[in-house]
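Visitor:
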Amino acid sequence: MDRNMRQRLVMAGIGGLAGLSLYLLLEVLSRHLLPDRAALGLTTFSAVFFAAWLAMAGPLRTGRAVVAALGLGLVVAALLSLTGLRFDRVEAIFDQPMTPLAVVLLSSIPLPFFIALAGPGWRDYPTLFTEAWTVVVRYAAAWLFVGVAWAVLLLSQALLSIVDIRVIEAIIDLDAAPWLITGVTLGLALAVVTELSDLVSPYLILRLLRLLLPLVLGVMALFIAALPFQGLSGLFGDLSVAATLLAMAAAAATLVTTAIDQTDAEAVEGAVMVRAAQGLALILPIPAALAGYAVWLRVAQYGWTPERLFAGLAAVLALAYGLIYALAVLRGACWMERVRQGNILMALALLALSALWLTPLLNAERISARDQLARFEDGRTALPELDLYALGRWGKPGAEALAQLQARAGEPGQEALAERLAGTPSAGQPQLTPAETEAALAALMPVRPAGDTALRDSLLAGLSDDERGYWLERCRNRLADGRPGCVMLTGDFWPETAGAEAIVLLRDGAEHISTEGLAMVDGLLQRRAVSTLTGLYPQLSGTVIADLLDAAPAPAPVPLNGLRLGGEMLFLAP
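Residue numbers (the numbering used here): 473 to 1046.
#1: Report yes or no: do the segment 496-503 and the segment 658-673 share at least 3 C-beta pairs separated by less than 8 Å?
#2: Report the rounded CA-to-CA distance for Ala693 versus Ile755, giving the unit in angstroms.
#3: Keeping to the same chain, check which residues put their C-beta closer than 7 Å to that of Arg536; ignore five residues upstream and five downstream.
#4: Let me know the secondary structure DSSP gives Glu988 once reduced to three states.
#5: Return helix, strand or coil for Val993, following the three-state DSSP convention.
#6: Of the residues Pro759, Leu889, Trp966, Leu1021, which one's Cα is nearest the Cα of Arg1000?
#7: Within its chain, find whatever has a CB closer than 7 Å to the CB of Leu931; leave out the 5 residues flanking it on each side and keep chain order.
#8: With burial defined as no fewer than 16 other Cβ atoms inside 10 Å of the residue's Cβ, what is the status of Gln637: buried or exposed?
#9: So, does the segment 852-871 touch the segment 836-843, judging by three or more C-beta pairs under 8 Å?
#10: Would the segment 515-523 count as touching the segment 540-552 if we require 3 or more Cβ pairs under 8 Å?
#11: May I ask which residues mark the beginning and end of the beta strand (DSSP E) holding Gly1034?
#12: Based on the DSSP secondary-structure assignment, which residues constitute the bridge partners of Ile975?
#13: Does the distance from the CB of Ala753 to the CB of Val740 come in under 8 Å?
#14: Whose C-beta lies closer than 7 Å to the C-beta of Asp736 among residues of the same chain, with five residues either side of it excluded?
#15: Would you kindly report the start and end of the unbroken alpha helix (DSSP H) that includes Val618?
#16: Give me, in chain order, the residues of the same chain whose beta-carbon lies closer than 6 Å to that of Gly487; leave out the 5 immediate sequence neighbours on both sides.
#17: Quick check on the DSSP output: the alpha helix (DSSP H) that includes Asp859 runs from which residue to which?
#18: Applying the criterion that 16 or more other CB atoms from any shown protein chain within 10 Å of the CB defines a buried residue, is Gly513 buried or exposed?
#19: Would Arg946 pass as a contact of Arg979 if the rule is Cβ separation under 8 Å?
#20: To the nearest angstrom, how far is the alpha carbon of Gly775 from that of Leu785?
#21: Does the CB of Met818 have a neighbour CB from chain C at under 8 Å?
#22: For Val608 versus Pro674, is the C-beta spacing smaller than 8 Å?
#23: Pick from Ala798, Pro584, Ala970, Leu828: whose alpha carbon is nearest that of Arg552?
#24: On a Cα-Cα basis, can you pick out the residue from Arg595, Gln886, Asp938, Asn815 that is closest to Glu910?
#25: Give every residue of the same chain whose Cβ lies closer than 8 Å to the Cβ of Val788, excluding the five residues on either side of it in the sequence, and list them in chain order.
#26: Among Arg595, Pro584, Leu532, Ile653, whose alpha-carbon lies nearest the alpha-carbon of Tyr484?
#27: Any idea what DSSP makes of Gln998, helix, strand or coil?
#28: Would you tell me roughly how many angstroms separate the C-alpha atoms of Ile644 and Gln773, rounded to the nearest one?
#29: With a cut-off of 8 Å on the beta carbons, I'd call Ala540 and Ala529 a contact; round off their distance for me.
#30: Anyone know if the C-beta pair for Ala790 and Leu718 falls short of 8 Å?
#31: Go ahead and pull the three-state DSSP assignment for Arg852.
#32: Select from Ala723, Leu689, Pro757 the residue whose C-alpha is nearest the C-alpha of Arg747.
#33: Can you tell me whether DSSP reads Ala899 as helix, strand or coil?
#34: In this structure, does DSSP put Arg812 in helix, strand or coil?
#35: Nearest-angstrom Cα distance between Leu951 and Gly957?
#36: Tell me the rounded alpha-carbon separation between Gln734 and Leu1012.
Shown next, in the form of structure tokens:
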């Protein structure tokens, strides 16, 4: 048996072991055989361990890959378990995306360093650059193969069923089979991709990304040129402004990194592309600084939240990247090598910050809860603006802040605070039954027009228990004036369809509104997409629910003309 075949069998075995382990773990979780916190640690360890093992088993010897993956899995699982101590319910960790993102970064950034450590050294930039992109491409190609393999398997099952041969169907119906099949095909695909590293390499993607350099430079230059004329008033929006600036800064940094490649010999050539890379590096601090300013405006006005703290740290990282890149160019010769060394430094900084996010040293919930409480006590936050719903979602620190507010509400002269707290669910509130949840939601959710409660109640009755609980939680995220954070708008939105439809607006946070479209057809609940004329998801401000509760808008015809052809209505999408 040659070396390639042995490696394929090893990788397929690792993948199969991963699939079987995850299946057994899900069985344990579904039967509640482990405490929640133990299950969290074991699940995290398994996912990180097998993902890292599969990623490194090709470039490293199997034994060395196992040791590195084992250490990484234990560290990440321990840190996430430590984060879980902030919450009474383990699942509350995942209410916000920041912690899962920190776990992903903490699990993926060390991989190229482990691989480089076994070769020329952990600071060897060519190895770090190549292996980081190679891991991404290998996994992308392998998962594509898994999808194709499943498509072929299902088509084979359908073909054989025509002649009443159901061998494949019987295999797939085994509980563990899908996990084993996925794991084995993933491991096998990763082994083959590793063998063909000269053909399946990241260089095609890197070369294509370089083509975007002039375009992104032009867009960012146009944005910066328009600032003196348009001013900075747009930065007073919500966190999406900072997120857009940070995403653009991240894209610019990635393009500069692809342009300089692993060494000067592989870097971009030609005056146009080199100048484009330098120009992008020079202006990178500007969107990063503007993103930081946008976050600072929100913090100064409303105080810290975990989301704003995360955005603030991201802005600091983006600004550090920008300054390193810009100073490297301004210092003249060898600027590409200085950027490469800066990338190593910033990768380590990002790794350290991801780890800190999961430790008590950077407890975002505690920092935010203390800041919100301090702002209320010193008068910077008025009572109607106090976000009690957010405090209730910030684990034990938020519960402690609410407890302090409850104690204060019992003092003389604090009747308004007591009234405001009366409608806020406490951390220890008992779980409602499905019937109680439906009744509470029907009593809380306003409907416009106000008298159309029959349609509202029938739509709510058609929801699943979990969805009704989710909606009730959003409705309890009250507005500053105490009104519910939700509203149902009913109307005949589809005149050619019998019956009325409804659009539901739910307040997910202080700054985000989600939408749901529903209809009753022959007594059954049906979903309807809610979108703008451009086909994009609606971007609604945090004040829209209050405006609708004050005065609901009347339905208006959509400004489109179509053609009836062969029983179909054709129209041009905007």
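All residues carry an ideal CB built from backbone N, CA and C; glycine is no exception. None of the values given here were measured: they were computed from a predicted structure.
Guide: If we stick to the structure as given:
#1: no
#2: 8 Å
#3: Ala590
#4: strand
#5: strand
#6: Trp966
#7: Ala974, Leu990, Met992, Leu997
#8: Looking at the sequence provided, one finds Ile at residue 637 rather than Gln. When all chains shown are included, Ile637 counts as exposed.
#9: yes
#10: yes
#11: 1034-1037
#12: Leu961, Gly989
#13: no
#14: Met808
#15: 597-634
#16: Gly655, Val656, Leu658, Gly659
#17: Premise fails: Asp859 is in no alpha helix (DSSP H) and is neither H nor E.
#18: buried
#19: yes
#20: 15 Å
#21: Checking the listed chains, one finds no chain C in this structure; it contains a single protein chain.
#22: yes
#23: Note that residue 552 corresponds to Leu in the displayed sequence, not to Arg. Ranking the options by Cα distance to Leu552, first place goes to Leu828.
#24: Asp938
#25: Gly764
#26: For the sequence presented, residue 484 should be read as Ala rather than Tyr. It is Ile653 whose Cα lies nearest to the Cα of Ala484.
#27: strand
#28: 56 Å
#29: 10 Å between Cβ atoms; not a contact.
#30: yes
#31: coil
#32: Leu689
#33: The predicted model places Ala899 with a pLDDT of 42, which falls under 50 and marks its position as unreliable; any figure quoted below should be read in that light. Three-state DSSP puts Ala899 in coil, outside helix and strand.
#34: helix
#35: 6 Å
#36: 43 Å
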